[in-house]
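The sequence shown lines up with residues 68 to 474 when you count with this note's numbering.
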Amino acid sequence: MSNSPADFDVIVLGAGASGLFCAFTAAQRGRRVLVLERANKIGKKILMSGGGRCNFTNQVVEPGNFLSRNPHFCKSALTRYNQWEFIALVEQHGIDYEERKHSQLFCKDSAKQIVAMLEDECISAGVEIRTQCELDRLEALAGEDVQRYRLHLQHNGRAGRLTCTSLVVATGALSVPTLGGSGLGYELAEQFGLKLIPRQAGLVPFMFSDAMKPVCERLSGLALDIEVSCNGQSFSEAMLFTHRGISGPAILQISNYWSPGDHISIDLLPGVDAVDWLLQGKREQPRSRLKTRLGQLLAKGLVAELQQLWWPQDDDTALAEFSDRQLGDIGQQLNAWRLKPSATEGYRTAEVTLGGVDTDDVSSKTMEAKRQPGLFFIGEVLDVTGHLGGFNFQWAWSSGFTAGQFA
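Take a look at the structure:
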């Protein structure tokens with residue numbers, strides 16, 4: 068590694084979505100840019116996203132799609148570089164894509180195309196990328212105009228030093244550590260006095276330790292459309308039973324609003340007033356059994372489990388023999404099944420990390436630390452978390468572009 072006085076104008080820590088986007092954006096301005104990645108290849112999290120198809124953005128992106136202690140922080144970057152500009156870049160590279168539910172956009176072929184696009188843009192702009200680099204120590208060089216930061220590194224087992232005038236922290240966060248997630252960005256933020264918002268796993272499945280655990284194990288693999296609510300938020304999408312608990316898009320979404328000890332409410336029959344529907348069945352088919360009625364709208368395996376939970380003694384009882392009040396109680400539970408998860412699966416399977424570097428200490432217009440010139444934070448390391456559906460990638464593109472304009 069070179070130890071010359073000014074090795075690079077910009078060094079980006081992290082070759083993920085935001086880091087690569089920032090790198091070529093800065094290089095297109097004529098900046099000498101180096102990207103350092105601790106993993107053995109770039110874009111690992113991109114490659115596994117969206118089932119290998121990469122849900123790279125959404126056609127409808129609004130500030131309300133993001134969680135942050137400061138809900139206004141994301142607005143400037145999302146305006147500076149919006150979803151339509153990224154879609155245009157995808158089209159420019161000849162990548163076929165498709166729209167799925169809720170305006171989500173996916174590659175038709177492979178997430179590898181997005182990584183290749185980012186790499187091509189970096190190469191065209193003259194960005195240098197080095198993998199298998201570990202940062203040992205970072206120091207600010209006070210009082211020098213040209214080089215602000217000195218990085219002490221390990222690259223393929225060899226120690227070295229590099230200097231730069233702008234350092235961009237695009238290290239991601241704690242989610243999916245097997246794909247390179249780490250707390251390095253938080254450590255750097257603390258080193259320079261930036262505050263941190265408490266972190267927790269987000270977009271993550273729930274687990275149970277009570278009687279629901281064996282229920283979920285027996286139903287593992289069963290999916291159904293539900294509406295789930297918690298702390299004033301609701302999402303309508305699929306839920307999936309797993310051998311640990313419950314997952315699926317609706318559950319991942321609501322996990323961002325759940326805290327340990329909270330209940331969630333699941334509507335198993337969204338759009339159906341279950342009480343009225345059961346009473347109608349009692350009037351029209353009084354000799355039919357309750358599980359037969361429910362089997363018209365729900366999977367038989369799920370109905371069997373609900374029966375054991377809610378009316379275990381009445382397997383062969385005709386609807387006519389249930390009181391209206393009994394059916395009313397069951398109907399209310401169908402529309403509002405209260406469950407208390409014991410925990411989430413944690414960072415091991417979380418798609419994102421909630422919390423992070425406090426946006427009060429970062430300029431929303433440049434992504435630069437307010438009290439540390441030349442130090443930028445972008446992507447997931449910041450306290451900005453998108454809903455499921457391409458929003459976290461759009462935040463990566465938008466925040467990366469913004470920092471690339473000023474780094």
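Quick reminder that beta carbons are idealized off the backbone N, C-alpha and C, glycines included.
Cβ-based burial, residue i [other Cβ within 10 Å; buried from 16]
| i | result |
| --- | --- |
| W325 | buried |
| D382 | exposed |
| D74 | buried |
| D76 | buried |
| K108 | exposed |
| P440 | exposed |
| D329 | exposed |
| E201 | exposed |
| K175 | exposed |
| Q375 | exposed |
| R392 | exposed |
| Q267 | buried |
Extent of the continuous alpha helix (DSSP H) run through residue i
| i | result |
| --- | --- |
| V282 | 279-286 |
| T420 | Run containing T420: none in the alpha helix (DSSP H); it sits in the beta strand (DSSP E), 419-424. |
| F75 | Here F75 belongs to no alpha helix (DSSP H); instead the beta strand (DSSP E) covers 75-80. |
| G86 | 84-94 |
| Y253 | 251-258 |
Check whether residue i and residue j have beta carbons under 8 Å apart
| i | j | result |
| --- | --- | --- |
| L263 | Y414 | no |
| G110 | V182 | yes |
| S355 | L386 | yes |
| T469 | V451 | no |
| E435 | F473 | yes |
| R120 | A84 | no |
| I321 | Q347 | no |
| L364 | L336 | yes |
| V157 | F123 | yes |
| F273 | G288 | no |
| L208 | L87 | no |
| I331 | S303 | no |
| L286 | E372 | yes |
Own chain partners of residue i with C-beta closer than 6 Å, once the 5 adjacent residues on each side are dropped
| i | result |
| --- | --- |
| N70 | Low confidence applies to N70: its pLDDT is 42, below 50, so where it sits in the model is not reliable, and the reading given next is rough at best. Excluding residues within five positions, the ones whose Cβ falls inside 6 Å are R228. |
| E104 | A82, T198 |
| S465 | A144, L145, Y148 |
| A94 | V100, A192, G193, V194 |
| G117 | F173 |
Contacting residues, own chain, Cβ-Cβ under 7 Å from residue i (five flanking each side not counted)
| i | result |
| --- | --- |
| Q400 | W377 |
| D334 | I293, E294, N402, A403 |
| N125 | Q150, S170, Q171, L172, G456, G457, F458, Q461 |
Residue range of the unbroken beta strand (DSSP E) whose run includes residue i
| i | result |
| --- | --- |
| G312 | 312-314 |
| V295 | 290-297 |
| E206 | 200-207 |
| Q439 | Q439 -> no beta strand (DSSP E), and no H or E assigned at all. |
| Q461 | Counting along the chain, Q461 falls outside any beta strand (DSSP E), though it belongs to the alpha helix (DSSP H) covering 458-473. |
Residues near residue i in its chain [Cβ-Cβ closer than 8 Å; skip 5 each side]
| i | result |
| --- | --- |
| A305 | A290, L291, D292, I293, G315, P316, A317 |
| L205 | Y216, R217, L218, H219, L234, L255, Q258 |
| K142 | P130, S431 |
| D277 | K407, S409 |
| P327 | A410 |
### Task
Pick out the complete alpha helix (DSSP H) segments inside the region 342-392, 4 residues or longer, and give them in chain order.
The qualifying runs are 357-361, 367-377.
### Unbroken stretches of the alpha helix (DSSP H), 4 residues or longer, contained in the region 130-194
Complete alpha helix (DSSP H) runs here, min 4: 141-147, 150-159, 179-192.
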